[in-house]
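Colleague:
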Amino acid sequence: GAGVSQSPSNKVTEKGKDVELRCDPISGHTALYWYRQSLGQGLEFLIYFQGNSAPDKSGLPSDRFSAERTGGSVSTLTIQRTQQEDSAVYLCASSYGTGSYEQYFGPGTRLTVT
Amino acid sequence: GNSVTQMEGPVTLSEEAFLTINCTYTATGYPSLFWYVQYPGEGLQLLLKATKADDKGSNKGFEATYRKETTSFHLEKGSVQVSDSAVYFCALDSGNTGKLIFGQGTTLQVKP
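Same order as they appear, the protein sequences are chains A and B. In terms of the numbering used here, the first sequence opens at residue 1 and continues consecutively. In terms of the numbering used here, the second sequence opens at residue 115 and continues consecutively.
(1) Check for me: the beta strand (DSSP E) holding residue 82/A runs from which residue to which?
(2) Spatial neighbours of residue 59/A within its chain, please: CB distance less than 7 angstroms, with the 5 preceding and 5 following residues excluded, ordered by chain position.
(3) Taking the alpha carbon of residue 209/B as the point to measure from, which residue in 131/B, 145/B and 168/B has its own alpha carbon closest?
(4) Taking all protein chains shown into account, decide if residue 191/B is buried (16 or more other Cβ within 10 angstroms of its Cβ) or exposed.
(5) Does DSSP put residue 58/A in a helix, a strand or coil?
(6) Among 185/B, 160/B, 198/B and 196/B, whose alpha-carbon lies nearest the alpha-carbon of residue 137/B?
(7) Is it true that the region 193 to 208 of chain B meets the region 16 to 33 of chain A, where meeting means three or more beta-carbon pairs spaced less than 8 angstroms apart?
(8) Report buried or exposed for residue 75/A, applying the criterion of at least 16 other Cβ atoms within 10 angstroms of its Cβ.
(9) How about residue 223/B and residue 129/B: do their beta carbons lie closer than 8 angstroms?
(10) Report back the beta-carbon spacing between residue 3/A and residue 104/A to the nearest angstrom; my notes put them in contact at under 8 angstroms.
(11) Quick check: is the beta carbon of residue 63/A nearer than 8 angstroms to any beta carbon in chain B?
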């Protein structure tokens with residue numbers, strides 16, 4: 001079956017613009033996670049959803065970052081007024097449930113802020 | 115807070131050599147521990163996991179044992195292959211939420 005998909009695969013934007021990153025999880029997976037992978041910071045947790053609720057948003061770097069999930073499926077990560085330090089690969093993962101279930105990762109969206 | 119520390123890479127080995135990648139953690143309670151692998155040009159994928167002390171996770175010839183007394187989860191393989199060349203990440207989930215805390219990653223390069 002289909003894995004986790006993310007779009008766009010690459011995004012180049014100018015500093016100060018808003019961007020939206022999309023994640024389509026594996027069908028039937030109730031948990032969805034966003035991570036960020038950058039050279040300086042490694043792999044960082046951003047936020048997770050159980051269904052449409054986000055019990056833990058502690059990894060969002062600032063109030064410029066927000067995320068939502070609708071219908072227990074697709075999720076969108078929005079970054080407002082992008083800064084150069086936002087440049088990174090944004091990874092989405094989904095799993096059957098929370099806890100020690102295997103997380104299946106998407107290919108990521110590479111964001112470059114110029 | 116919770117954290118994971120991995121040995122720094124890159125690690126370069128010849129084919130059929132023995133591999134150890136060290137991983138230690140700091141966490142409250144009893145975390146689940148994971149090794150994820152990222153092959154060149156591919157996404158992250160789970161390699162193995164252990165959910166309680168003294169458990170051994172194993173997959174594809176790799177294994178790691180959850181050692182609570184030393185707070186470690188070292189990855190080992192007896193005989194590496196060129197196809198094992200990848201970046202390996204140790205991770206923990208301390209709250210049973212699936213929120214993963216990752217180590218910095220260790221790049222392994224295996225030469226023929």
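Note that beta-carbon positions come from the ideal geometry of N, C-alpha and C, so glycine has one too.
Modeller: By the coordinates alone:
(1) Where residue 82/A is concerned, there is no enclosing beta strand (DSSP E), given that its DSSP letter is neither H nor E.
(2) Result list for residue 59/A: 44, 45, 46 and 47, in chain order.
(3) 145/B
(4) Counting Cβ neighbours within 10 Å, residue 191/B comes out buried, since at least 16 surround it.
(5) coil
(6) 185/B
(7) no
(8) buried
(9) no
(10) Correct: roughly 6 angstroms between the Cβ atoms.
(11) no
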